[in-house]
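Reviewing the structure listed below.
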Amino acid sequence: MKKIAALLLGSSLAFAAIPSLAFSQPFNQPYGQPTRMPNQGQPSQFGSQAYAAGGLNWLNNYQEAISQSQSSGKPIVILFTGTQWCPACMKLEREVLNKAEFAQAVGGRFIFLKAEFPDYAEEAISASPFRSLLDRYGIDAFPTMVVVDASGQRLYTVNYQAGGPGVYINELIQKLNPGQFSGRQMTYPVHQQPSNPYYR
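Read in order, the letters of the sequence shown correspond to residues -16 to -1, 1 to 184 in mature numbering (1 follows the signal peptide of the UniProt record, and there is no 0).
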């Protein structure tokens, strides 16, 4: 009987410890505040590694993207994003970038560079290796796609918009090859959060 009581007491203590371990991360942070995902840390290196999303190869080094563009003749899509804190960025990843339809339509036409900003705090933005690109291309909200040529010259910008992969496929290809699609070209307003100039 004592063994059973000890076993029950031990298992109840172990069970009680599970919630404190599993939910030690602050999941109830205010909407729009930076969120630190468990075991992700800060992506401090932006070398020659690549992200794989929906069949696309996302580089994270600007010079490498320029080099690949020069050798292939393909323009570069630079995605300015903050997938750890920006709801629209997370939605873009989930509903567009990770879709096979998007990769199949545009994957062979561009070089892809992801300028990931893990936090929107001023010091984090300033410390990012992509900080100079924000100024160079006049980025004032996330997510934003800028298409540039092999010299880094801006060709056009695609701002965030709802509608799934088809909308982005149309925008990217229509602007690259005007007249290929019958849909009209549109400009989209930028919506910002007052406390965060890069938030849509």
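Even glycine gets a Cβ: it sits at the ideal position worked out from N, Cα and C.
Note that this is a predicted model, so its numbers are computed, not measured.
Per the Cβ contact rule, the region 125 to 132 is not in contact with the region 85 to 92 (fewer than 3 Cβ pairs under 8 Å). Taking the Cα of A134 as reference, the smallest distance to any Cα among Q47, N45, Q54, A72 is reached at Q54. With respect to the 9 Å criterion, L43 and L97 are classified as neighbours on the basis of their beta carbons.
In the structure shown, the three-state DSSP call for Y144 is coil. Comparing C-alpha distances from G39 to each of E85, L63, Q47, Q52 shows the shortest one belongs to E85. Of the candidates E100, L81, P59, A49, L81 places its Cα closest to the Cα of V151. In the three-state reduction of the DSSP assignment, R93 falls in the coil class, being assigned neither a helical nor a strand state. For L63, there is no enclosing alpha helix (DSSP H); the enclosing beta strand (DSSP E) covers residues 60 to 65.
In the DSSP assignment, L43 falls within the beta strand (DSSP E) that extends over 40 to 43. E155 and C70 have their C-alpha atoms roughly 22 Å apart.
In the structure shown, the three-state DSSP call for A87 is helix. M129 has its alpha-carbon roughly 11 Å from the corresponding atom of Q145.
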